[in-house]
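Please read the structure below before turning to the comments.
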Amino acid sequence: NGLISSLTDATFEGWVTVDSSNGGGWTRLFDFGSTMPGGLNGEITGPGNTNGGGTQGLDYIMLSASRGGNYDQQRIEIRNEDPAGGGVNTFDSDVVTVFGEQIHFAVTVRDLGDGTTEINYWRDGTQQTSNAIAQTTLSEINDVNNWLGRSTWINDGTLDGTFEEFRIYDKTLTPEEVAESLAQGPDLPDEGNVRITDVHYDKATDNLSISWESEAGMLYNLRSELDPGSATPLDWPIHGDNTEMAATPPENTLTIPLPADLTRLFVIEGFEAPPVILFNDDLESGVQGWTTLVNDAVGNTLWEFGTPGGSTGPLSGADNSANAWSTNLGDYGPDSSIALRSPAIDLSTVTRAELTFEVFRDADGFGDSAFLRFLRASDFVQLGGETPLDLSVFDIDFSTIRIAVVPEAIGENVIIEWNFISDSTPDAFSGLTIDNINVADSN
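Numbers 22 to 464, taken from my numbering, label the letters of the sequence shown in order.
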C-alpha cells in the first residue's frame, strides 16, 4: 500500500507481450487503486472479490490493454472518487496490437503544483496523449490494490500476456529519456540479479511472499532498501536473516512479515554456491586410507610418502610443505609399473564433480608414461576411461591439474588411482610427485 500515493511525480514504464484476446474485455496493463470508500475497505487480497472489498474501481490510475474487447484501442483512466468529487478523466488511444509481439509503454504523471496534473502516454516510442487534469494528484489515490494485468473492476478481464519488465520511477521521464529507454530495451539480468516471478500479500497472516526463478547450485540473498538511490541494488542491506538461501529449482518462495514501511524495495541476489568438498587431503596428517601397489616383478620403484629429494625435480611438497607422494623419494627406477590409490570417496550425492591436485612431472616423456583412472571402491572395477598425465611436460614447479570426474563414477563410492610406468632405460629423474588432492561438487 502507498506504492504510488507516496510519489509526487512518477513514470510507469513496461515491456509486455499480449498473447491473445482470451483474457476478455477491458484488460489492464496496470491498475493501482481501491474499490470502496475508506481506502483499506477496498483492499482485495486474493482472486476475485474475496473479502467483500468491492466490485467496482473507485479510486485508481490505470492503463488498459483494450477498450472493451478491442485490443487495437487503449485507455488511460484516472478516477478520484474517494472522497467523492475528484471526478474521472479518460484518455483514449488507438494503436494496433499484434498478439505475441512485445510492446513498450510509458505513462508519465507530473504534479504541476496548482492542483492540476499532467499526463503523457507513449506507446512504442510514439506519444499518444498529453493532457492536464484538475483535482487529482497521485497522493489522492488510495492505492491499496496495485496490480499488473488485473483490473480493480471485478468483472473486467485479466490480461493474457507476459511482462518482461515493469518500472516505476519517482520522476517524469522526458521524451528523450523515453526514446532512449525504448532503444535500450528491458534490462538484461546483470550478474547476480534474479528474475522475481511473483509477489503476494496475505492479509490474513500479514505476510509477504516473494517468488523467483532459481537454479541448481545457486544461493540467494534478499536485499532491501527504502531509498533505491542510496546504492546499487546488489549493495542494498540484507533484509533480516534471509541470506545464503539454497535453491529449490525451478522456483524459490520466501515468506516474510510485511514491513511497516510505507515504501520498501526488494531485490533477489543470486550467486554460485561454494563447491561442496567431497575429499581433501594435503598429506600433512599422514596417509590413512591410502594404498600402494607394485605391478612389476622387480620393485625398482615404489610410491613413497615424505619429502621428495631426487636428482632433479621437487625438494618439498607443494607450497614448500613437508610431504607428498612420489615415485621413490629419490630417483625412480627402470622397468616399473606402480599404482597409488586414494581412500574411498562418496560421490552418491552429486551429479558432477571435479578432481584437482598439484603435480610435479620430471620423467622421460618418451619412454615413461602415467595415467589416472577411477575405480569402484567395492570391487576395483574401472569406471569410465583413463586420463593420461602427459610426462612430456617437464615441470619447474608444482602445477594444478583439473580433471572432471567421469560420468560413470558419479553416484558411486570411488577410489582414484594414479599409475606410473617406466621403461628399461635408467634415468636420473624424480618421476611423478602429487600433493593437495581435492574432489569437489562442480554443479
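Glycine included, C-beta positions come from ideal geometry on N, C-alpha and C. Computed from a predicted model, the values in this text were never measured in an experiment.
The DSSP-derived three-state label of leucine 255 is helix. Listed in chain order, the beta strand (DSSP E) runs fully inside the region 157-216 are 166-169, 182-190, counting runs of at least 3 residues. By alpha-carbon distance to valine 308, the top candidate from Leu368, Glu325, Glu185 is Glu325. By the criterion of a C-beta distance shorter than 6 angstroms, serine 445 is surrounded in its chain by Pro355, Asp356, once the five residues flanking it on both sides are discounted. Only residues of its own chain outside the window of five on either side were considered, and among them Val402, Gln403, Leu404, Val435, Ile436, Glu438 have a CB closer than 7 angstroms to the CB of leucine 396, listed in chain order. Contact between leucine 159 and threonine 29 holds: CB atoms are separated by about 7 angstroms, below the 8 angstroms threshold. Nearest Cα to tryptophan 311 within the set Gly320, Phe300, Asp317: Phe300.
Per DSSP, the continuous beta strand (DSSP E) segment holding glutamine 148 begins and ends at 147-155. Per the DSSP secondary-structure output, aspartate 367 pairs in a beta bridge with Asn434. A direct Cα-to-Cα measurement between threonine 421 and aspartate 340 gives close to 12 angstroms. If you ignore the 5 residues before and after phenylalanine 392, its C-beta comes within less than 7 angstroms of the C-beta of Glu407, Thr408, Pro409, Leu410, Asn440, all in its own chain and listed in chain order. Between threonine 173 and glycine 78, the CB-CB gap stays under 7 angstroms. Taking the Cβ atoms as the reference, leucine 368 lies roughly 6 angstroms from glycine 432, within the contact range of under 8 angstroms. In the DSSP annotation of this structure, the continuous segment of the beta strand (DSSP E) that includes phenylalanine 326 starts and ends at 324-327. Going by DSSP, proline 409 is part of the beta strand (DSSP E) stretching over 403-409. Bridge partners of phenylalanine 381 according to DSSP: Thr454.
Bounds of the beta strand (DSSP E) holding proline 278 are 272-278. An exposed status is given to isoleucine 259, since fewer than 16 other beta-carbon atoms sit within 10 Å of its beta-carbon.
Within the region 77-144, the complete beta strand (DSSP E) segments of 3 residues or longer fall at 80-85, 95-101, 109-114, 123-132, 137-144, listed in chain order. For isoleucine 289, the uninterrupted beta strand (DSSP E) run begins and ends at 286-293, by DSSP.
Residue Pro58 holds the alpha-carbon nearest to the alpha-carbon of threonine 76 among Pro58, Ile424, Ala430. Counting only residues of its own chain and dropping the five nearest sequence neighbours on each side, glycine 182 has a CB closer than 6 angstroms to the CB of Val37, Thr38, Val39, Asp40. Excluding residues up to 5 positions away in sequence, Asp181 lie with their Cβ nearer than 6 angstroms to the Cβ of asparagine 43 in the same chain. Closest option to alanine 461, judged by alpha-carbon separation, among Gly134, Ala374, Arg382, Glu234: Ala374. In this structure, Val371 is the residue among Gly134, Pro271, Val371 with its C-alpha nearest to the C-alpha of alanine 430. A check of alpha carbon separations from threonine 313 across Ser358, Gly320, Arg362, Thr276 identifies Arg362 as the nearest. CA-to-CA, the gap between aspartate 177 and arginine 88 works out to about 11 angstroms. Beyond the five residues adjoining it in sequence on each side, threonine 454 comes within less than 6 angstroms, by CB distance, of Pro329, Pro335, Ala345, Ser347, Phe381 in the same chain, given in chain order.
Spanning the alpha carbons of serine 232 and aspartate 248 requires a straight line of approximately 22 angstroms.
Contact check for leucine 169 and phenylalanine 287: beta-carbon distance about 16 angstroms, past the 8 angstroms limit, so the pair fails to qualify. Cβ atoms of aspartate 93 and valine 117 come within 8 angstroms of each other, at about 5 angstroms. The closest CA to that of glutamate 139, considering only Gly121, Ile97, Ser114, is found on Ile97.
Beta-bridge partners of asparagine 228 (DSSP): Asp223, Pro278.
When beta bridges are read from the DSSP output, arginine 244 appears opposite Ile259, Val288. Our two residues, aspartate 416 and leucine 240, have alpha carbons roughly 38 angstroms apart in a direct line. The continuous beta strand (DSSP E) containing asparagine 301 extends over residues 298-302.
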